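Respectively, the protein sequence lines represent chains A and B.
For the first sequence, the residue numbers in the working numbering are 1 to 293.
For the second sequence, the residue numbers in the working numbering are 1001 to 1258.
These notes are about the structure you will find just below.
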Amino acid sequence: MSIDTGFSGPDEATAQGPVTATSRVAPSGRGRWLAFWGPPAAVLLAFLAIWYGVSYLLLDPRRRFLVPPPHEVIKVSFFDPFNLKELMGALWLSTRVAFIGLAISIVIGLVMAVAMNRAKWIERSLYPYAVLTQTIPILAMVPLFGFWFGFGNFSRTLVVVLFCIFPIVANTLFGLQSVQREHHDLFTLHGASRMTRLWKLEFPAALPSVFTGLRIAAGLAVIGAIVGDTFFKQGEPGIGILIDRYQSRLQSEQMVGAIILSSLLGIVVFWLFGFLARRVVGGWHESAGGPDT
Amino acid sequence: MAGSSAVDASSIPTQTAPLLTFADVSKRFRDGTVALDGADFRVGSGEFVSVVGPSGCGKSTLLRIASGLSDVSGGKVQVETDKIGYVFQDPTLLPWRTVQANVELFSELRGLPKEERRRRAEAALELVGLSEFSGHRPRALSGGMRMRVSLARSLTLEPELFLFDEPFGALDEITRERLNDELLQLYLTQRFTALFVTHSVMEAVFMSTRVLVMSGRPGRVLGDYAVPFEYPRSPRLRFDEQFARLAGKVSGLLRGGG
């Protein structure tokens, strides 16, 4: 259940791509505004209608706690000061873990990719292990991390790093290696040093791919922070621990509230990196666009 | 005056001192392909020498060797200058840089001071008539304009030897002829020596003081034609009878030797 939540962030944001495309043929002014926001708003309304239908028509009152109606979720989760404070505290903790983990992954990932690009033997030595971070069941290692490093923020950050380092390494390396041969020739002809080549040629050329990697990694960082948290089950609670706790106490309103919050976090992070990508490479690279919100 | 087959290139008199000398140069790649075999010619200072040949005959290899990007497997190459310009078929502009910053690239890599870089870039853009586009990114320009930027970028270093690797091969006919005229204009005003690789016989004859015809792989110089027409050359030269006769001769050797 919580895994689905993690993914819903990026998915919802991606769904707006085609809408942007439609708006190009729509007339200007209010018609355009409607063409842009109308379809996703209609889907949201339909979704809420089904939700209410399930809560009130399908479930009898004794079992309504399984799918609490939307307004109850909002009232209990976000308008009850105690619940809100608990949720916000957890959200803040998970957000911090996600961002610190992402920042560490970016630094390590970029350095690894640059090193791999510089020497084939480094690539041969390290790449298999970068792939390994994608194939080992990281969540299954959570108890082990708990043994070794305790159930504090260090272990949680470590989980995030293992979750999101691979897309950064792989995409950066791909970008660095995609530099045209003729461009390299130009730099060779004019006696550029390796450092100059890296800063003025390889790194800028790799930026579009780097941002692709960052966007994937950012989504994974949020998922890693929340899902990893669920598995820790102890220590200061993040969103994941809260969800687990609400589940055991049958507090379904807060549970859904927590899921909504984590989805919002995912969307915000995804949007943030899309925005950064457009700012940095949008002026010269076509693929930098992405969802336009 | 016109070529004989399998000439010793040194028998063609050139009035000026050689700037570039290929003496019996061969090039074999690691995979065993022989790109050049006994390439032997000179380019005198101030000449505009074109090289035509079937595709895959090692024309590009010739330029890579002349520029120092590639080494030779046999023979000797002598270049009397280190001010070499090199223009590829692809304009090879850096898409993240503006036109101005692209044109400044070479002086930047050579460590020239900022003020000097700007001055040279502005002068070079002026020469190719693109001053007003200096703030644009390459993707906003047409193919012909990108090629002009690429030319301007090389002009900033005031090259003595200019190497061209089918620079206009990807352009449409009209743009190509216009750029031919513009490049000749630059040749007359900037006084560089040119080694111009192309697969178009018309282009080669129109531009050059001499045309070298190469054989198919492994590349050798089959013929060496002096082009007697005065500069500046009018676009109407392309319809001149003597021009057509010379172009026909070059084509004939190209086909016969292909």
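Quick reminder that beta carbons are idealized off the backbone N, C-alpha and C, glycines included.
Please read these numbers as outputs of a predicted model, since none were measured by experiment.
Taking CB distances under 9 Å as the criterion, tell me whether residue i reaches chain B.
i	result
K120 (chain A)	no
T212 (chain A)	no
A21 (chain A)	Low per-residue confidence applies at A21 (chain A): pLDDT is 40, beneath 50, and the placement is therefore not dependable, though the value from the model is reported in the following sentence. It does not; no Cβ of chain B falls within 9 Å.
A192 (chain A)	yes
L201 (chain A)	yes
A42 (chain A)	no
V281 (chain A)	yes
L110 (chain A)	no
A46 (chain A)	no
L207 (chain A)	yes
P204 (chain A)	yes
By the DSSP assignment, the beta strand (DSSP E) with residue i in it spans what residues?
i	result
L1078 (chain B)	Position check: residue 1078 (chain B) holds Gln in this sequence, whereas Leu was assumed. Unbroken beta strand (DSSP E) run through Q1078 (chain B): G1074 to V1079.
D1040 (chain B)	V1034 to G1044
S1050 (chain B)	F1048 to V1052
Interface residues of chain A around residue i at Cβ under 8 Å?
i	result
P1095 (chain B)	W284 and H285
S1067 (chain B)	L189
Chain B partners of residue i, CB-CB under 8 Å?
i	result
G175 (chain A)	Within 8 Å Cβ-Cβ: nothing; G175 (chain A) doesn't reach chain B, min ~12 Å.
P68 (chain A)	Going along chain B, no residue has its Cβ under 8 Å from P68 (chain A), so there is no contact; the nearest lies around 51 Å.
For chain A, check one thing: does any of its Cβ atoms lie closer than 9 Å to the Cβ of residue i?
i	result
G1143 (chain B)	no
P1013 (chain B)	Any reading at P1013 (chain B) needs caution, since the residue's pLDDT is 44, under 50, leaving its predicted position unreliable; the model's value is listed next. No, P1013 (chain B) does not count as interfacial toward chain A.
E1108 (chain B)	yes
F1192 (chain B)	no
P1138 (chain B)	yes
L1019 (chain B)	no
I1084 (chain B)	yes
L1105 (chain B)	yes
Please report the residue range of the alpha helix (DSSP H) in which residue i lies.
i	result
S1154 (chain B)	G1143 to L1155
Y246 (chain A)	I239 to S248
R1064 (chain B)	K1059 to S1067
R1028 (chain B)	R1028 (chain B) -> not in any alpha helix (DSSP H); beta strand (DSSP E) instead, spanning P1018 to R1028.
F1133 (chain B)	Where F1133 (chain B) is concerned, there is no enclosing alpha helix (DSSP H), given that its DSSP letter is neither H nor E.
G1085 (chain B)	G1085 (chain B) -> not in any alpha helix (DSSP H); beta strand (DSSP E) instead, spanning I1084 to V1087.
T1092 (chain B)	Run containing T1092 (chain B): none; DSSP gives neither H nor E here.
M112 (chain A)	P81 to R118
W284 (chain A)	Here W284 (chain A) belongs to no alpha helix (DSSP H), and DSSP marks it neither H nor E.
K1114 (chain B)	K1114 to L1127
A1101 (chain B)	V1099 to L1109
R1139 (chain B)	Segment: none, R1139 (chain B) is in no alpha helix (DSSP H) and carries neither H nor E.
Please name the residue, chosen from the options, that lies closest to residue i on a Cα-to-Cα basis.
i	options	result
E1126 (chain B)	B:L1063, B:S1234 and B:L1186	B:L1186
I260 (chain A)	A:K200, A:V142, A:R197 and A:F78	A:F78
D1181 (chain B)	B:A1124, B:G1248 and B:R1236	B:R1236
G109 (chain A)	A:A192, A:N171, A:M195 and A:L66	A:N171
G1135 (chain B)	B:R1148, B:G1111, B:C1057 and B:R1097	B:R1097
G1219 (chain B)	B:V1211, B:G1038, B:P1018 and B:A1017	B:G1038
A192 (chain A)	B:Q1089, B:F1168, B:E1108 and B:S1050	B:E1108
L186 (chain A)	B:G1044, B:A1140, B:G1068 and B:G1075	B:G1068
F1206 (chain B)	B:E1160, B:M1214 and B:P1228	B:P1228
R197 (chain A)	A:L176, A:S209 and A:P81	A:L176
A1194 (chain B)	B:R1210, B:K1249 and B:S1200	B:R1210
G1144 (chain B)	B:R1245, B:G1129 and B:L1155	B:G1129
G1056 (chain B)	B:A1124, B:T1198, B:R1233 and B:A1226	B:T1198
P1054 (chain B)	B:F1243, B:V1201 and B:R1233	B:V1201
Y56 (chain A)	A:I223, A:L44, A:A41 and A:E72	A:E72
R1146 (chain B)	B:E1158, B:V1213, B:E1160 and B:S1131	B:S1131
S105 (chain A)	A:P167, A:I122 and A:L66	A:P167
S1026 (chain B)	B:G1074, B:A1101, B:L1019 and B:V1052	B:G1074
V1079 (chain B)	B:F1088, B:L1063 and B:P1091	B:L1063
Which residues in chain B have a C-beta closer than 7 Å to the C-beta of residue i? List them in chain order.
i	result
E182 (chain A)	F1088, D1090 and T1092
T196 (chain A)	L1109
L339 (chain A)	Given a span of 1 to 293 for chain A in the structure shown, any question on residue 339 (chain A) remains unanswerable.
CB of residue i to nearest heavy atom of the ligand COA: below 8 Å?
i	result
V1087 (chain B)	Among the components modelled here there is no ligand, and therefore nothing to report on the ligand COA.
Report the neighbours of residue i on chain B: residues whose CB is nearer than 9 Å to its CB, in chain order.
i	result
P137 (chain A)	Residues of chain B passing the Cβ test: none, with the nearest at roughly 40 Å.
Alpha helix (DSSP H) runs contained entirely in the stretch 1156 to 1237 of chain B, provided each spans 4 or more residues: Correct list: 1173 to 1190 and 1201 to 1207.
Contained alpha helix (DSSP H) runs [length at least 4] in the stretch 202 to 278 of chain A, N- to C-terminal order: Listed in chain order, they are 203 to 232 and 239 to 248.
Completely contained alpha helix (DSSP H) runs for the stretch 21 to 69 of chain A, where each covers 4 or more residues: With a minimum length of 4 residues, the continuous alpha helix (DSSP H) runs that stay inside the stretch 21 to 69 of chain A are 30 to 53.
Alpha helix (DSSP H) runs wholly inside the stretch 127 to 184 of chain A, at least 4 long, in chain order: Fully enclosed alpha helix (DSSP H) runs of 4 or longer: 142 to 149 and 153 to 177.
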